[in-house]
Amino acid sequence: MTREADARDAAGRAVREEGPAVIATLARHVGGDVGLAEDAVQDALVAALQTWPRDGVPRAPGAWITTTARRKAIDRLRRERTLADRTAVLAHLLSLGDDADQDLEAMTDTAMDDRLRLMFTCCHPALGIDARVALTLRMLGGLTTAEIARAFVVPEATMAQRLVRAKRKIAAAHIAYRIPAPHELPDRMTGVLAVVYLVFNEGYAASAGERLGREDLGAEAIRLGRLLVALMPDDAEAIGLLALMLLHDARRAGRVDAAGRYVPLDEQDRALWDRAAIDEGVATLDRALRLRRPGAYQLQAAISALHTQTPTATDTDWPQIAALYGRLARLAPSPVVDVNRAVAVGFADGPAAGLRVLDPLLADGRLDAYQPLHAAHAELLRRAGRVDAARDAFTLAIDLTANAVERIELERRRAALDAVTG
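Going by the numbering used here, the first residue of the sequence shown is number 40, and it counts up by one from there.
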């Protein structure tokens, strides 16, 4: 690899891995202007691509990005003549000095608090729920606009406009860059929990790319979940979400084989599952249930606990899982829940019963681009012996799949149908 390629890789990695923390810290320094902070970090990335090939990759790339982003923010503020509090923000930035070693130490000391501040800012109720989720994925999860657009099943241009509008609204509404006061927290948690779970889901099953998941996002979501539980120790749903993420993440090592190929749940080597994470997840779920305030995340965690505590796939208590999905569908109805309920019902009561659950979703044209619906439909049709229909459903699911690992697995299943009928 050439020196230029090394520098480009290091710069991209620094922004991808440390960019959210840098944006969070810089946003505090510029009075909560997350748009300015993100723009300054992007400017710093451009500077890194220009200077690192010549000068070499710095010892602490994240601190270098932070220091440079602060300089770029100062440049932007000096050019911005209409910002009312421009002078005060400039004075504060200039007072911080220009020392990368000092920035490295400061990042270590304050990064997690800054991320909480950024999370609650991005999830402010003044923003629509879709904007909150998208903005937090962009700012805290480091996802690209294209990845977020795929997660929302909207065009990339639409998502870009949504992100711009959200950042403008934060600035125009003077949304405070802070962790809410204790009396404000309960009303603010619902949106925050939804964001954290979507970040985790993107890490667990990436919307696109060459790998099934993104461990960095999964780990980040779990860290954020732990922070939220520390902040709200009596919030049953925050605890339930942490339990759910721990139990899902515990199965990560068994979800792909040594060659990176997808392994279905019923074929996974359960010895590869993280028993410590399972034990912690179950204990965390028990802690949530003791609070006697049931919610959607706790129900999902209970379903995951049934899977992870079952010695073999054939021992899975599908009737109990289907019943839990039924309760979940009543408590928090959504197409995602109904697709999973159909799969569970299909194992508990047979594929024809599962297909009946899917029928209303398939008739709803708004879900035509929802890949998991068509993948579940294909599997239920295959198990019902409706080979031609299953092949068509697999083809539709494949066409809607942007993740390479999932696509290869769906193509394998379709090919297996061709082998049976060929």
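We put the beta carbon where it would ideally sit given N, CA and C, even for glycine.
Since the structure is predicted, the reported quantities are computational estimates derived from the model, not experimental observations.
Here D377 has A368, V396, L400 as same chain residues with Cβ atoms under 7 angstroms from its own Cβ, once five neighbours each way along the sequence are excluded.
Rounded to whole angstroms, the gap between the alpha carbons of L267 and Q410 is 31 angstroms. Beta-bridge annotation (DSSP): V295 is paired with Y301.
G424 and D388 have their C-alpha atoms spaced approximately 16 angstroms apart. T175 sits buried, since 16 or more C-beta atoms from the chains shown fall within 10 Å of its C-beta.
For W91, the enclosing alpha helix (DSSP H) starts and ends at 73 to 94. When rounded, the separation of the alpha-carbon atoms in V295 and L345 is 21 angstroms.
Looking at P164, E241, P372, the one whose alpha-carbon comes closest to that of N442 is E241. Counting along the chain, the unbroken alpha helix (DSSP H) around T229 starts and ends at 224 to 243. Excluding the 5 residues flanking it on each side, Q359 has same chain C-beta neighbours closer than 7 angstroms at L345, in chain order. With distances taken between CA atoms, R177 lies nearest to E57 out of E57, R314, H416. In this structure P164 touches G230 by the C-beta definition: roughly 7 angstroms separates them, less than 8 angstroms. Rounded to whole angstroms, the Cβ separation of A66 and A76 is 4 angstroms, and the two are in contact under 8 angstroms. Straight through space, the alpha carbons of Q307 and R366 are spaced by roughly 27 angstroms.
E276 counts as buried, since no fewer than 16 other beta carbons sit within 10 angstroms of its beta carbon. Between the C-alpha atoms of W312 and H287 there is a straight-line separation of about 10 angstroms. A check of alpha carbon separations from F239 across L224, D255, D226, T349 identifies D255 as the nearest. The beta-carbon distance between M284 and I261, rounded to whole angstroms, is 5 angstroms. This is short enough to meet the 8 angstroms contact definition. Taking each of P100, A99, V80, P92 in turn and checking the Cα distance to I113, the smallest one comes out for V80.
With a 10 Å radius around the Cβ and a threshold of 16 neighbouring Cβ atoms, A63 comes out buried.
Between G167 and A210, the alpha-carbon positions lie close to 15 angstroms from each other. For W357, the three-state secondary structure derived from DSSP is helix. Per the C-alpha coordinates, the member of P194, V61, M198 positioned closest to D152 is V61. Per DSSP, reduced to three states, the secondary structure at C162 is coil, with no helix or strand assignment. Put simply, of L456, L281, A383 the residue whose alpha carbon is nearest the alpha carbon of A327 is L281. About 16 angstroms separates the Cβ atoms of M198 and L179, ruling out a contact at the 8 angstroms cut-off. Of all alpha-carbon atoms in L270, Q89, V235, A258, the one lying nearest the alpha-carbon of H222 is that of L270. The straight-line gap separating the alpha-carbon atoms of R204 and L263 is approximately 25 angstroms. Excluding the 5 residues flanking it on each side, S246 has same chain C-beta neighbours closer than 8 angstroms at E186, R189, A190, A441, N442, in chain order. Excluding its 5 nearest sequence neighbours in each direction, A341 has C-beta neighbours in its own chain below 7 angstroms: L324, L363, listed in chain order. Collapsing the DSSP output to three states places A344 in a helix. If you draw a straight line from the Cα of W103 to the Cα of L330, it is about 45 angstroms long.
Of the other Cβ atoms in all chains shown, 16 or more fall within 10 Å of the Cβ of V384; this residue is therefore buried. In this chain, the alpha helix (DSSP H) harbouring D318 covers 314 to 329. A residue is called buried once 16 or more other Cβ atoms fall within 10 Å of its Cβ, and P59 is buried on that count.
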